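In the numbering used here, the protein residues as written are -16 to 547.
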């Protein structure tokens, strides 16, 4: 039954003190308690009745309400006969936590309210709930283990006449039955979903796209984010269930059913993630070998193991590409700051899951295309080894494979919505390489490209190897006298100043560029106050006549340091 129905029954003597916007909550039971901590006896959906015997002072209200909210109760009803009114501290605590608060008239016994709720809930369960339970049972037995999300969506269509799709956070259709969902609509729904999650709105999220109503239900994975502070990162990898309907006037039973569906889909998501474990481990091993400077023969042997897993039935991969991605968070809204605590930090695991999704063609349905991508992660970034099958290897490598300027086009809208005001994604793509000997250079190339992307404006930026061709890749071919003149023009004024004043401008410049221009992260690395760092950068700009906020000047300094 709905909470609203209790207030409409005058015989119960209930008066609303707070929670006007929550009256459509479903009441599934009732419990009377005066325990300080009744949480272990609550299962969710109860109307909790209390005579306030647990309250000894104003400080007791906040923890009591937090316990009820954590247990998922529908509302709190208070008998105020003993205190001649409901304490204001309890009213305020319920308002803070959006817990509906009711006052029970002193002439009405708790037993009267309890009897009424039990009778109403039992009567409803005798009919409608039986069908809901049956549907849940059918989904549990034939869903994830026997057909995946498509079977669950079939049941929604046949039993409830609902059209629904499972979407990735970028709007790609993971599962769907019946009428296809246009790609641009999927991207807009994913953007609306990420915006709603970031704003902390209550699900389901009701939106309208091209005049059609949709209700969006988050699909939460079965485990919490494992990296500190990265519930934000988890939202960028969560699936969502999009239903072509407005859930605003749905009964509680139907909403319960849809939430149950999302739980079943989450089980399937976890199953598919577990299946990626082998590919992730292979990628991690190759990455560690490459970074450790292992012999090409050892890396090649590991690649021979990985290729059949990533390209089943196609043999070895003649070409490989490396993609490096990084998600940077900033609570204060400065994209250069990479953590919410002001000290800088990233989530490699969250970026790993996101990069796996980004490297799937958005036009490809289902989750299987991601089974041919191996993504590892470090503490700061995710690194993908992308095999290019023989059809791409027929070219010379210059035009085959992934292109940075098109990789993010289809997903820019939803990801920008998920990161807006909170963080940014930067990504670099290497040129294809045809042997293990080229992987280390490809990794460095992708990392350099990502730094170029990080120097740009925008929440979602990518750069490819083509943008490095006139700089990093050509450095060995620059004549020595040109290199010396170039570096002297930029760095000699700083070196002279450092010798005279011990100002450490050169180390400051190196750290500033390595931190992608993040004031907070660079100051933390150098153990300086941000104002001191700003003074040093200002002195660098004054001595050289350059502007470190401009991409061109950053690149010149970067190249000068590399050539010096």
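Idealized CB from N, CA, C, for every residue including glycine.
Computed from a predicted structure; not experimentally measured.
The beta strand (DSSP E) enclosing residue 83, as first and last residue numbers: Looking at the DSSP string, residue 83 is not in any beta strand (DSSP E), and its letter there is neither H nor E.
Inter-residue Cα distance where the pair is residue 511 and residue 485: 15 Å
Residue 236 to residue 191 span [Cα, whole Å]: 23 Å
Whether residue 69 touches residue 61 by CB criterion (7 Å): yes
Residue 276 - DSSP class collapsed to helix/strand/coil: Three-state result, residue 276: coil.
For residue 195, three-class secondary structure by DSSP: strand
Rounded C-alpha distance that separates residue -2 from residue 139: 38 Å
Cβ-based burial, residue 39 [other Cβ within 10 Å; buried from 16]: exposed
Cβ-Cβ distance between residue 57 and residue 8 below 7 Å: yes
DSSP three-state assignment for residue 498, whether helix, strand or coil: coil
Those residues which DSSP pairs with residue 304 across a bridge: 369
Residues bridged to residue 360 [DSSP beta-bridge criterion]: 365
Coil, strand or helix - residue 238 by DSSP: Three-state DSSP puts residue 238 in a helix.
Rounded straight-line distance, which links the Cα of residue 342 to that of residue 533: 30 Å
Any 3 or more C-beta pairs closer than 8 Å across the segment 413 to 428 and the segment 470 to 481: no
Bridge partners - residue 189, DSSP secondary structure assignment: 198
Residue span of the alpha helix (DSSP H) that contains residue 387, given as start and end: 387 to 390
For residue 23, three-class secondary structure by DSSP: helix
C-alpha gap between residue 434 and residue 259, whole angstroms: 28 Å
Distance, residue 224 Cα to residue 185 Cα: 15 Å
Spatial neighbours of residue 305 in its chain, beta-carbon cut-off 6 Å, leaving aside the 5 residues before and after: 413, 425, 426 and 429
Nearest-angstrom Cα separation, counted from residue 547 out to residue 443: 32 Å
Counted within 10 angstroms of its Cβ, other Cβ atoms place residue 364 as buried (16 or more) or exposed: Buried, since its Cβ has 16 or more Cβ neighbours within 10 Å.
Nonlocal neighbours in the same chain, by C-beta distance under 6 Å from residue 340, ignoring five residues either side: Within the same chain, Cβ atoms closer than 6 Å to the Cβ of residue 340 are found at 151 and 153, the five residues on either side in sequence being excluded.
Where residue 0 sits in the DSSP three-state scheme: In the structure shown, residue 0 falls within a strand segment according to DSSP collapsed to helix, strand and coil.
DSSP beta-bridge partners of residue 551: The structure shown does not extend to residue 551, since the chain is modelled only from -16 to 547, so the question has no answer here.
Separation of residue 281 from residue 526, as counted between CA atoms: Those two C-alpha atoms are separated by around 48 Å.
Rounded separation between residue 469 and residue 540 - CA only: 10 Å
Straight-line Cα distance separating residue 499 from residue 10: 53 Å
Cα-Cα separation between residue 403 and residue 104, rounded to whole angstroms: 44 Å
Contacts around residue 517, its chain only, beta-carbon distance under 8 Å, and the 5 residues preceding and following it disregarded: 502
Continuous beta strand (DSSP E) stretch holding residue 59: start and end: 58 to 62
Proximal residues to residue 238 (C-beta, below 8 Å), its chain only, five neighbours per side dropped: 9, 187 and 230
The segment 160 to 176 touching the segment 242 to 256, judged by at least three CB pairs closer than 8 Å: no
Within 7 Å, strictly: CB atoms of residue 0 and residue 86: yes
Member of 193, 419, 338 and 264 whose CA lies at the smallest distance from the CA of residue 283: 419
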